[in-house]
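Residue numbers (the working numbering): 943 to 1209.
Right under this line is the structure:
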């Protein structure tokens, strides 16, 4: 039977991040993907021009429709937008027995805010304790902790985040500087995942894609360190291959299907 992943996230009309990135990622990694839409955004590679949040009742109905019939081996949570939607998700997944990957989407690549300030407290109190893995970048970690942004993936901040309730934390170092990008996984032990930093503007949706790649691995039954290692390597390949896509005039998306249809096959 095929592994199944439910993505609870916002829609990106440009196709590079959010639900679209989650669906592409899961499909590329051999997992059947479902979606519960939290928000509809009008955005492209240059920015977000409008956002409409889903009604709480409709979000609840979508989650129940997927889980009651199809079921899921893992859940990935992305953009939620409001405290009310945070609470709906927390209520609906409270009894879910599988792994839950929470990507605390707060700011788009363009700098646009995607989570209301009052929703951060709800996210911390209601959802973090339900997460098997929390996957913040450095600005998101600082926001959740109320601390200055770290200059690199910092073990002390990862431990402070884990103290808020998630079973494990993957602190992403993409916002750091320097020739090497380092992600820190704090679970039963500390693990580091490094890769040369790729000089490219095509990084739209990297956070969504990494989180959903880990969730896909967990849905397939991989242990967390193996799922993170596979996701990290896959994303690095997607970033390197993104240059060939040349999508949009701003921050273009990564190439989610680089292992399936490499760019040379399209030449």
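Glycine residues also receive a C-beta, built at the ideal position from the N, C-alpha and C atoms. Being a predicted model, the structure only gives us computed values, none of them experimental.
Subject >> Runs of beta strand (DSSP E) lying entirely within the stretch 1112-1152, each at least 3 residues, in chain order >> reply: The stretch 1112-1152 is shown to contain whole beta strand (DSSP E) runs of 3 or more residues at 1122-1128 and 1132-1138, in chain order.
Subject >> Cβ separation of residue 1100 and residue 1126, assumed to be a contact under 8 Å, to the nearest whole Å >> reply: Contact between residue 1100 and residue 1126 is confirmed by a C-beta separation of about 5 Å, below the 8 Å threshold.
Original post:
Taking the C-alpha atoms as reference points, what is the distance between residue 1122 and residue 1134?
Top reply: For residue 1122 and residue 1134, the gap between their C-alpha atoms comes out near 12 Å.
Original post:
Mapping DSSP to helix, strand and coil, what is residue 1041?
Top reply: Three-state result, residue 1041: coil.
Original post:
What is the rounded straight-line gap between the Cα of residue 1152 and the Cα of residue 1077?
Top reply: Answer to the nearest angstrom: the Cα atoms are 9 Å apart.
Subject >> Residue interval of the beta strand (DSSP E) (run including residue 1023) >> reply: For residue 1023, no beta strand (DSSP E) run applies, since DSSP gives it neither H nor E.
**OP:** Can you give me the start and stop residues for the beta strand (DSSP E) that residue 989 sits inside?
**Re:** In the DSSP assignment, residue 989 falls within the unbroken beta strand (DSSP E) covering 989-995.
**OP:** Compute the distance between the beta-carbons of residue 1092 and residue 1084, then report whether it is under 8 Å.
**Re:** Contact check for residue 1092 against residue 1084 passes: the beta carbons are separated by less than 8 Å.
**OP:** Put residue 983 into one of helix, strand or coil per three-state DSSP.
**Re:** For residue 983, the secondary structure class from DSSP, reduced to helix, strand or coil, is strand.
Original post:
So which of 1173, 1188 and 1129 has the shortest CA-CA distance to residue 1146?
Top reply: Nearest of 1173, 1188 and 1129 to residue 1146, Cα basis: 1188.
Original post:
Roughly how many angstroms separate the alpha carbons of residue 1031 and residue 1074, rounded to a whole number?
Top reply: Their Cα atoms are separated by approximately 15 Å.
Original post:
Going by the C-beta, is residue 1044 closer than 7 Å to any heavy atom of the ligand ZN?
Top reply: With respect to small molecules bound, the structure shown includes none, and the ligand ZN cannot be examined in it.
Subject >> Backbone CA spacing between residue 1113 and residue 963 [nearest angstrom] >> reply: Taking the straight line joining both Cα atoms gives about 20 Å.
Original post:
Pick from 1195, 1110 and 1200: whose alpha carbon is nearest that of residue 1175?
Top reply: Of all alpha-carbon atoms in 1195, 1110 and 1200, the one lying nearest the alpha-carbon of residue 1175 is that of 1200.
Subject >> Coarse secondary structure for residue 1110, derived from DSSP in three states >> reply: In the displayed model, residue 1110 falls within coil according to three-state DSSP, outside both helix and strand.
**OP:** For residue 914, name the three-state secondary structure that DSSP assigns.
**Re:** No statement about residue 914 is possible, as the shown extent of the chain runs from 943 to 1209 and does not include it.
**OP:** Tell me residue 978's beta-bridge partners as DSSP assigns them.
**Re:** DSSP, once it has assigned bridges, lists 950 as partnering residue 978.
**OP:** Report the option in 1012, 1161 and 1115 whose CA atom is closest to the CA atom of residue 1139.
**Re:** Nearest C-alpha to residue 1139: 1115.
Original post:
To the nearest angstrom, how far is it from the Cα of residue 968 to the Cα of residue 982?
Top reply: Near 20 Å, if we compare the C-alpha coordinates of residue 982 and residue 968.
Original post:
Which partner residues does residue 1016 have in the DSSP bridge list?
Top reply: The beta-bridge partner set that DSSP reports for residue 1016 consists of 947.
**OP:** Closer than 6 Å by C-beta to residue 1111: which residues in its own chain qualify, once you throw out the five before and the five after it? Chain order, please.
**Re:** Excluding residues within five positions, the ones whose Cβ falls inside 6 Å are 1076, 1100, 1103, 1104 and 1128.
Subject >> Residue burial classification, residue 1089 (beta-carbon count within 10 angstroms, cutoff 16) >> reply: With fewer than 16 other Cβ atoms from the protein chains shown falling within 10 Å of its own Cβ, residue 1089 counts as exposed.
**OP:** Report yes if the C-beta distance between residue 1070 and residue 1107 is below 8 Å; otherwise report no.
**Re:** Result yes, Cβ atoms of residue 1070 and residue 1107 sit closer than 8 Å.
Original post:
So, helix, strand or coil for residue 1195, using DSSP?
Top reply: Under the three-state reduction of DSSP, residue 1195 is assigned to strand.
Original post:
In the structure shown, what three-state DSSP assignment does residue 961 receive?
Top reply: Here residue 961 sits in helix by DSSP.
Subject >> 7 Å Cβ shell around residue 994 - same chain, five flanking residues per side excluded >> reply: Excluding positions up to five away in sequence, the list reads 981 and 982.
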